[in-house]
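Before any comments, here is the structure.
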Amino acid sequence: MLATSVVLADTHQHEAHVHGEARINLVVEGHEVLLELQTPAANLLGFEHAPQTNAEKQQLKTTQSLLSDPSTLLSITNNPCQLVNADVVLPFSDHKDHHHKDHEHNDEVHGDIHAEYTLRCQPGKAISQLTIPVFDHFPGMEKLQLMWIKSNQQGSATLTATNDQVVLPK
53 MLATSVVLAD THQHEAHVHG EARINLVVEG HEVLLELQTP AANLLGFEHA
103 PQTNAEKQQL KTTQSLLSDP STLLSITNNP CQLVNADVVL PFSDHKDHHH
153 KDHEHNDEVH GDIHAEYTLR CQPGKAISQL TIPVFDHFPG MEKLQLMWIK
203 SNQQGSATLT ATNDQVVLPK
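Residue 85 in this note's numbering sits at position 33 of the sequence shown, and the numbers go up by one each step.
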């Protein structure tokens, strides 16, 4: 999966931070899937500052719990996959009242969420029909740009709450 990771890293682009919009990069190599989510924190948390109220603190915990399960972001029809690795980075999850010489708190900072997953699916079964159920869990998500690579092919799809499925080539 090393080659896939390099390819996925090359697909990462720094784009404008747009509320309501996110990006998923998906690479299928054999029976392994690498999934990467990049989104403004407001899409999933409803805010982009360190949690201040109990409700915001609970929302951060709930979001972290949801993102620990990749089925929140991806369902592959007729091919159950096992999580091999997950790396979820939420802003503010370890935020404490601290001060550093080189660190100034800025109320205009736009926090982003980044999550990467490696999944191992059943060999011999197709990885082609995908559902992206992120809209069911996060009402702040309006549009998702899916970029995919599979078997030396690549493509993209724009997904919404009413159009959350994509079919990859077999």
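A virtual CB, placed ideally from N, CA and C, is assigned to each residue, including glycine.
Review point. Which same chain residues, not among the five before or five after A213, have their C-beta less than 7 Å away from its C-beta?
Key: Within the sequence shown, numbered from 1, the residue matching residue 213 stands at position 161. The answer, listed in chain order, is F187.
Review point. Do you know how far the Cα of L171 is from the Cα of I165?
Key: For the purposes of this step, residue 165 is identified with residue 113 of the sequence shown, where counting begins at 1. For the purposes of this step, residue 171 is identified with residue 119 of the sequence shown, where counting begins at 1. Answer to the nearest angstrom: the Cα atoms are 20 Å apart.
**Study point:** Cβ pair I201, V79 closer than 7 Å
**Key:** As a first step, residue 201 is located in the sequence shown; it is residue number 149 there, counting from the start. As a first step, residue 79 is located in the sequence shown; it is residue number 27 there, counting from the start. Yes, Cβ-Cβ distance for I201 and V79 is below 7 Å.
Check your understanding: In terms of DSSP beta bridges, what is I1 paired with?
Key -> Here the chain covers residues 53 to 222 and nothing more, so residue 1 does not appear.
Check your understanding: Whose C-beta lies closer than 8 Å to the C-beta of T105 among residues of the same chain, with five residues either side of it excluded?
Key -> Your numbering for residue 105 matches position 53 in the sequence shown. Hits under 8 Å: none found.
Point to revise | CB contact flag (A107, G163, <7 Å) | key: Sequence index remark: in the sequence shown, residue 107 carries index 55 (1-based). Sequence index remark: in the sequence shown, residue 163 carries index 111 (1-based). Their beta carbons are not under 7 Å apart, which means A107 does not touch G163 by this criterion.
Exercise for review: Could you tell me how far apart the beta carbons of P132 and Q174 are, in whole angstroms, since I believe they sit closer than 8 Å?
Suggested key: Working through the sequence shown from its first residue, we reach residue 132 at position 80. Working through the sequence shown from its first residue, we reach residue 174 at position 122. In this structure P132 touches Q174 by the C-beta definition: roughly 7 Å separates them, less than 8 Å.
Point to revise | Simplified DSSP assignment, three categories, for A178 | key: Numbered from 1 along the sequence shown, position 126 holds the residue referred to as residue 178. Coil at A178, not helix or strand.
Check your understanding: From I179 to G207, what does the alpha carbon distance come to, in whole angstroms?
Key -> Counting from one through the sequence shown, the residue named residue 179 turns up at place 127. Counting from one through the sequence shown, the residue named residue 207 turns up at place 155. Cα-Cα distance, rounded: 15 Å.
Check your understanding: Which of the three DSSP states, helix, strand or coil, is assigned to Q104?
Key -> To locate residue 104, count along the sequence shown from 1; it is residue 52. Correct three-state label for Q104: coil.
Review point. Between Q205 and V219, what straight-line distance do the alpha-carbon atoms span, to the nearest angstrom?
Key: Position 153 of the sequence shown, counted from the first residue, corresponds to residue 205. Position 167 of the sequence shown, counted from the first residue, corresponds to residue 219. Looking at the two C-alpha atoms, the distance is approximately 13 Å.
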